[in-house]
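In what follows, a single structure is set out as structure tokens and then discussed.
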Amino acid sequence: MTRNDPVSTLSLSLLDAIVARHGLRRVFLALLAAALRGEGARRTKARLDMLDDHLRRDVGLPPRGASPPMPDWQRHMW
Numbered sequence: 001m002t003r004n005d006p007v008s009t010l011s012l013s014l015l016d017a018i019v020a021r022h023g024l025r026r027v028f029l030a031l032l033a034a035a036l037r038g039e040g041a042r043r044t045k046a047r048l049d050m051l052d053d054h055l056r057r058d059v060g061l062p063p064r065g066a067s068p069p070m071p072d073w074q075r076h077m078w
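In terms of UniProt numbering, the sequence shown is residues 1 to 78.
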């Protein structure tokens, strides 16, 4: 037999546990501060822009552009 709990019940019980542990005022103020800050998407985009092309390819993003040309002295080191 498989237990299927609705997501809303789980999230409400989790929220109740957080409020019971930290208090309603502290949870509300933390939620309000996070909502007003609103920098999550901007920070994520900034971090994705800094990735190397091979890491961008690993997560399914297109490369930033062509790699700079390799100097002749470094080409022969491989």
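Here a beta-carbon is modelled for each residue, glycine too, at the ideal position from N, C-alpha and C.
This one's a predicted model, so the numbers in the text were calculated from it and none came from an experiment.
- Task: State the Cα-Cα distance for the pair residue 23 and residue 38, rounded to the nearest angstrom.
- Result: Taking the sequence shown and counting its residues from 1, one reaches residue 23 at position 23. Taking the sequence shown and counting its residues from 1, one reaches residue 38 at position 38. Distance between the alpha carbons of residue 23 and residue 38 is about 23 Å.
- Proximity of residue 49 and residue 64 at Cβ, strictly below 9 Å: Within the sequence shown, the letter at position 49 stands for residue 49. Within the sequence shown, the letter at position 64 stands for residue 64. Cβ distance < 9 Å, so residue 49 and residue 64 count as in contact.
- Can you tell me whether DSSP reads residue 30 as helix, strand or coil? Locating residue 30 in the sequence shown gives position 30, where the first residue counts as 1. It is helical.
- Message: the ligand ADP and residue 17: does any heavy atom of the ligand fall closer than 8 Å to the residue's C-beta?
- Response: Although the ligand ADP was asked about, the structure shown includes no ligands whatsoever.
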